[in-house]
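Step one of this worksheet: look at the structure below.
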Amino acid sequence: MGEQLEGKTALITGAGGALGAAIASRFADESIANLVLVDMTRHAAEHTRAALPSSVKAECIAVDVTDGPAVEDAVRQTVETFGALDVYVNTAGVVSPNARIHNLEFDDWNRTLAVNLNGTFNGIRGVARVLRKKAPVSIVNIASVSGLTAWPYASAYCVSKAGVLHLTRVAALEYAKEGLRINSVSPGTFPTAIHADLPEQVLADLDAKHPMGLGTPGDIVGAVTFLAGDDSRWMTGQTIVVDGGYSLP
Ligand SMILES: NC(=O)c1ccc[n+]([C@@H]2O[C@H](COP(=O)([O-])OP(=O)(O)OC[C@H]3O[C@@H](n4cnc5c(N)ncnc54)[C@H](O)[C@@H]3O)[C@@H](O)[C@H]2O)c1
Numbered sequence: 001m002g003e004q005l006e007g008k009t010a011l012i013t014g015a016g017g018a019l020g021a022a023i024a025s026r027f028a029d030e031s032i033a034n035l036v037l038v039d040m041t042r043h044a045a046e047h048t049r050a051a052l053p054s055s056v057k058a059e060c061i062a063v064d065v066t067d068g069p070a071v072e073d074a075v076r077q078t079v080e081t082f083g084a085l086d087v088y089v090n091t092a093g094v095v096s097p098n099a100r101i102h103n104l105e106f107d108d109w110n111r112t113l114a115v116n117l118n119g120t121f122n123g124i125r126g127v128a129r130v131l132r133k134k135a136p137v138s139i140v141n142i143a144s145v146s147g148l149t150a151w152p153y154a155s156a157y158c159v160s161k162a163g164v165l166h167l168t169r170v171a172a173l174e175y176a177k178e179g180l181r182i183n184s185v186s187p188g189t190f191p192t193a194i195h196a197d198l199p200e201q202v203l204a205d206l207d208a209k210h211p212m213g214l215g216t217p218g219d220i221v222g223a224v225t226f227l228a229g230d231d232s233r234w235m236t237g238q239t240i241v242v243d244g245g246y247s248l249p
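Residue numbering for the sequence shown follows UniProt numbering, starting at 1 and increasing by one per position.
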């Protein structure tokens, strides 16, 4: 058990997913006091809460991150319930269908950008509206190496994550003097439900492209914890690439 997040309160979106659950578990290991677990349904978030130690107070809320006012409400509710919000992790994400641009439906393009990019915008905006100039907050956005390197058949996903990386930089500058730090983590591929619709060959090809092989959610959470906690207090606008060597030139 570490103490990197001792006494802090964190809100995690996409908390019912594989990475969200791993982040919640690692935050608990680092002595976090309170967690707000956000996902599309309470049920998804409750699954993650059930695996946490009783030392952590955890609230589960259903919020669609594409709904800006609902995201802002979740921030206010967290502050009302726990008296603080120290860490906000934008984990909620979806992948776009595996298709070249001429075969991609506009609705699929829009949905991917709405969840991955607009959802992250809503999180940053919600925190800024409620807490800027009032209390320090570390915002950690889950981007992807697909935002740094171009992947054919994944235009919407790549563009959404490239957008998250640049939004991270712009937001970092906007709020550097107002107490908000905004950083991101760019993971390589770790197989989860998000890959359920991907042809097996695509996953095998991705495996071959990672010099250290594919990762696991547990491989990503150390970087998220570092950015969430005070050891990264003089960092903002950056991304930490955790990808088993995938993006090396
Ligand atoms: N798995 C990978 O290889 C990989 C690599 C790089 C980045 N990522 C990113 O990591 C994050 C987590 O992915 P994962 O692999 O754990 O996938 P996952 O499918 O297990 O988790 C994603 C979670 O987000 C939730 N979600 C989706 N849309 C939402 C919305 N509109 N509002 C609220 N919640 C919503 C889902 O219900 C799910 O619980 C995503 O942002 C993903 O893009 C994943």
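For every residue, glycine included, the Cβ atom is placed at its ideal position computed from N, Cα and C.
Taking a 10 Å sphere around the C-beta of Thr112, we find 16 or more other C-beta atoms and assign the residue as buried.
DSSP lists Leu11 and Ile139 as the bridge partner or partners of Tyr88. Between ligand 1 and the CB of Met212, the shortest heavy atom gap is not smaller than 6 Å.
Collapsing the DSSP output to three states places Arg181 in a strand. Between Gly119 and Ala92, the CB-CB gap stays under 7 Å. Boundaries of the alpha helix (DSSP H) around Lys161: Ser155 to Tyr175. Around Ala84, the same chain offers Thr9 as residues with beta carbons nearer than 6 Å, after the five sequence neighbours per side are excluded. Collapsing the DSSP output to three states places Ser144 in coil. The nearest non-hydrogen atom of ligand 1 is less than 6 Å from the C-beta of Thr66. In the structure shown, Glu59 falls within a strand segment according to DSSP collapsed to helix, strand and coil. When DSSP states are grouped into helix, strand and coil, Val65 belongs to the coil group. Our two residues, Asp243 and Ala128, have alpha carbons roughly 30 Å apart in a direct line. A check of alpha carbon separations from Ser96 across Asn90, Tyr88 and Glu105 identifies Glu105 as the nearest. With distances taken between CA atoms, Asn122 lies nearest to Val75 out of Asn34, Val75 and Glu30. Here Asp39 is bridged, per DSSP, to Ala62. In this structure, Gly93 has its beta carbon less than 6 Å from a heavy atom of ligand 1.
Pairing Val224 with Asn110, the inter-Cα distance amounts to about 27 Å. Judged by DSSP in its simplified three-state form, Ser25 adopts helix. Taking C-beta atoms as the reference points, Thr66 and Gly16 fail to come closer than 7 Å.
Looking at the DSSP output, Pro187 shares a beta bridge with Val242.
A residue is called buried once 16 or more other Cβ atoms fall within 10 Å of its Cβ, and Ser146 is buried on that count. Proximity of the beta carbon of Gly17 to ligand 1 is indicated: a heavy atom of the ligand is located closer than 6 Å.
With fewer than 16 other Cβ atoms inside 10 Å of its own Cβ, Pro53 counts as exposed.
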